[in-house]
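Count the sequence shown with full-length UniProt numbering and you get residues 1 to 285, in order. We put the CB at the ideal spot given by N, CA and C, even for glycine.
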Amino acid sequence: MTELISNCKMKNGLGGVGKTPQSPPPVVQQGKRTLSPDQTNPAEPITEVPSVVMTRAAWVLRTLLLNEAESILRERKTAGGRLVVPCCASGSELVTWLVSLAPDIDRHQGTTMWQALLEEGLIYHVTGEHPFKDKCVLYQFRQDRDITCIPRPPPQDIAEAEEHLHEAIADLSDRGPDAWLRMILRKPSNDRTPEDLEIIYEELLHMKPLSHLSNSMKRELASVIMFEAHPRSGSIVFEQGEEGRSWYLVLNGSVDVVIHGKGVVATLHQGEDFGKLALINDVPR
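Quick look at the structure:
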């Protein structure tokens, strides 16, 4: 196991723990490679199409933000004034506003809720460099990237958004912790804080494929394990004969194991793992 961890450290990760959408998209005929562990970027979305639930929550929050008398969403300049960005707000402003709507939510929870929208591509850091941060860093909603802020929404939209606000906050509160964990797992190992490592470690304690490992080994893994998303059905994780680089844990969805000349020989589901034999034995897949 020490050798396995060392190999993972050389590659900066265990290849991610795969996750697929709640409603899988249609099967594609041609498998397509997705991001490898070495390319993960916590500032980028993990899915090509946002979920209906998060899209609705983003609409509710944006509608109510546009209705604010103080115009939280407005044209601003980035640090140094090199770029003028329409209809945006700082992360700290967005967290302050969201927390004001739900007194039982603290600033960290509010930050994770905005990250839940960012990981689905519904909000963006204006220059694509950061995940969501409770700082003076600018973010904007997806539909505002190329337009000037629209006037105050019509009364019927405001009324509908207010009606669905409680539901939106509940959905975001539910998604926030997992979104925050995924963001941490996409950080390079050397960017992870002690708090990040503790969050990962606590999650590893509940993963069945790792139940046979000692707690000290799990702490080692916390510094190298990565998240890898494969939102497209039919995507290829790795091919037979390739170098073994990663040990995968399936967090959601399923994975077909295909052998040349035999077709699908097994289907792995949530909680199962694959890929570690090639690492342990130092042989091709």
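Buried or exposed for Asp106, going by 16 or more other Cβ atoms inside 10 Å? Looking up residue 106 in the sequence shown gives position 106. Counting Cβ neighbours within 10 Å, Asp106 comes out exposed, since fewer than 16 surround it.
Apply the 10 Å Cβ neighbour rule to Cys88 and answer buried if 16 or more other Cβ atoms are within range, or exposed otherwise. Here the question's residue 88 lines up with position 88 in the sequence shown. Buried is the call here.
Nearest by alpha-carbon distance to Glu198: which of Val224, Arg175 and Ser211 is it? The residue you call residue 198 lines up with position 198 of the sequence shown. Ranking the options by Cα distance to Glu198, first place goes to Val224.
Closer than 8 Å by C-beta to Ser211: which residues in its own chain qualify, once you throw out the five before and the five after it? Chain order, please. Here residue 211 is taken as the residue at index 211 of the sequence shown, counted from 1. Hits under 8 Å: none found.
Give the secondary structure of Thr127 by DSSP, where H, G and I count as helix, E and B as strand, and everything else as coil. As a position in the sequence shown, residue 127 is number 127, starting the count at 1. Note: Thr127 maps to coil in three-state DSSP.
Contacts around Gln143, its chain only, beta-carbon distance under 6 Å, and the 5 residues preceding and following it disregarded: Within the sequence shown, numbered from 1, the residue matching residue 143 stands at position 143. Cβ neighbours of Gln143 beyond the five flanking positions: none.
In the structure shown, what three-state DSSP assignment does Gln42 receive? Here residue 42 refers to the residue found at position 42 when the sequence shown is read from its first residue. Position check: residue 42 holds Pro in this sequence, whereas Gln was assumed. Coil at Pro42, not helix or strand.
Supposed close pair Cys149, Arg74 - CB separation, criterion 8 Å: As a working mapping, residue 149 is identified with position 149 in the sequence shown. As a working mapping, residue 74 is identified with position 74 in the sequence shown. Correct: roughly 6 Å between the Cβ atoms.
Burial state of Thr40 (16 or more Cβ within 10 Å): Position 40 of the sequence shown, counted from the start, is the residue given in the question as residue 40. The residue is buried, with at least 16 neighbouring Cβ atoms inside 10 Å.
Would you list the residues sitting across from residue 308 in a DSSP beta bridge? Outside the displayed span of the chain (1 to 285) sits residue 308, for which this structure offers no information.
What's the C-alpha gap between Val17 and Ser254? Position 17 of the sequence shown holds residue 17. Position 254 of the sequence shown holds residue 254. Low confidence applies to Val17: its pLDDT is 40, below 50, so where it sits in the model is not reliable, and the reading given next is rough at best. Computed Cα separation, rounded: 12 Å.
Bounding residues of the beta strand (DSSP E) (the contiguous stretch that carries Val265): Numbered from 1 along the sequence shown, position 265 holds the residue referred to as residue 265. Start and end: Gly263 to His269.
Can you give me the C-alpha to C-alpha distance between Ser173 and Gly261, rounded to a whole angstrom? Position 173 of the sequence shown, counted from the first residue, corresponds to residue 173. Position 261 of the sequence shown, counted from the first residue, corresponds to residue 261. Near 47 Å, if we compare the C-alpha coordinates of Gly261 and Ser173.
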